[in-house]
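Chains Y and U are the protein sequences, given in the same order.
Per the numbering used here, residue 1 is the first one in the first sequence, and the count goes up by one each step.
Per the numbering used here, residue 1001 is the first one in the second sequence, and the count goes up by one each step.
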Amino acid sequence: SQQGEEDPQALSIQEGENATMNCSYKTSINNLQWYRQNSGRGLVHLILIRSNEREKHSGRLRVTLDTSKKSSSLLITASRAADTASYFCALHSGGGADGLTFGKGTHLIIQP
Amino acid sequence: ETGVTQTPRHLVMGMTNKKSLKCEQHLGHNAMYWYKQSAKKPLELMFVYNFKEQTENNSVPSRFSPECPNSSHLFLHLHTLQPEDSALYLCASSQALGGGAPDTQYFGPGTRLTVL
């Protein structure tokens, strides 16, 4: 099964700056989800964007989806030290109870 | 925090041991999942249960044996594991809707497994 590929693999920025992470994939999807994982802990769901949607917002998060380019981006505005984590895109391609296919993630470090 | 709990949080076992990982969800969901997260590799889906029935087995070796007695509980029974099975094992649940509707998965904190 396909997986998303996040870019960059690692990103280090100053607190207050915006962080942008990208995800590319190869085949059709039902939806694309972004998750955050703090070191060695469980994943926390951030945003789900469906294949017929182009943009979604949640607080300081903005996700875009371009199905023609098979890519998505996650923007975190006004970053904080607490945003330091790994961010994963996950693809949902099958039916309702199908598992997700994850990429390797982007490790984001926010410098205070 | 997320309504999905996992025990134990850490486990060290020898290759000849038999142990079990437990997952419980308090969200009223009807689907549960096991994932494996190894260092420097993407999160890998292992098993999917929908309404207590296993709907997916992602080519997982038989030394991993899942059990889902009800829609709230999920176990992963381990026996004769190898050192390369050392990883973070994550459980997740979701509300799987009819008609293939997309759904969000809620993850537990994981069990850090070390096989000696």
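Every residue, glycine too, gets a C-beta built ideally from N, C-alpha and C.
Of the candidates Leu-1090(U), Tyr-1106(U), Ala-1096(U), Gln-1006(U), the residue whose Cα lies closest to the Cα of Lys-1036(U) is Leu-1090(U). Note: His-107(Y) is bridge-paired with Ala-10(Y), Ser-86(Y) in the DSSP secondary-structure output. Nearest CB-CB separation between Asp-66(Y) and chain U: not below the 8 Å threshold. Around Pro-8(Y), the same chain offers Thr-106 as residues with beta carbons nearer than 7 Å, after the five sequence neighbours per side are excluded.
Taken through DSSP and simplified to helix, strand or coil, Ala-81(Y) comes out as helix. Of the candidates Ala-78(Y), Ala-90(Y), Pro-112(Y), Ser-39(Y), Ala-78(Y) places its Cα closest to the Cα of Gly-16(Y). Per DSSP, Thr-67(Y) lies in no beta strand (DSSP E) and is assigned neither H nor E. Per DSSP, reduced to three states, the secondary structure at Pro-1083(U) is helical. The beta carbons of Arg-41(Y) and Pro-1109(U) sit about 6 Å from each other, so the pair counts as a contact at 8 Å. Distance between Leu-1074(U) and Arg-1063(U), taken at the CA atoms: about 16 Å. About 6 Å separates the beta carbons of Ser-1093(U) and Tyr-1106(U), which is inside the 8 Å limit, making them a contact pair. Straight across, the Cα-Cα distance linking His-1010(U) with Arg-50(Y) is about 36 Å. At a cut-off of 8 Å between beta carbons, Asp-7(Y) makes no contact with chain U. Residue-level contact by beta carbon fails for Val-1012(U) and chain Y, as no gap is shorter than 8 Å.
In the three-state scheme derived from DSSP, where H, G and I count as helix and E and B as strand, Val-1115(U) is classed as strand.
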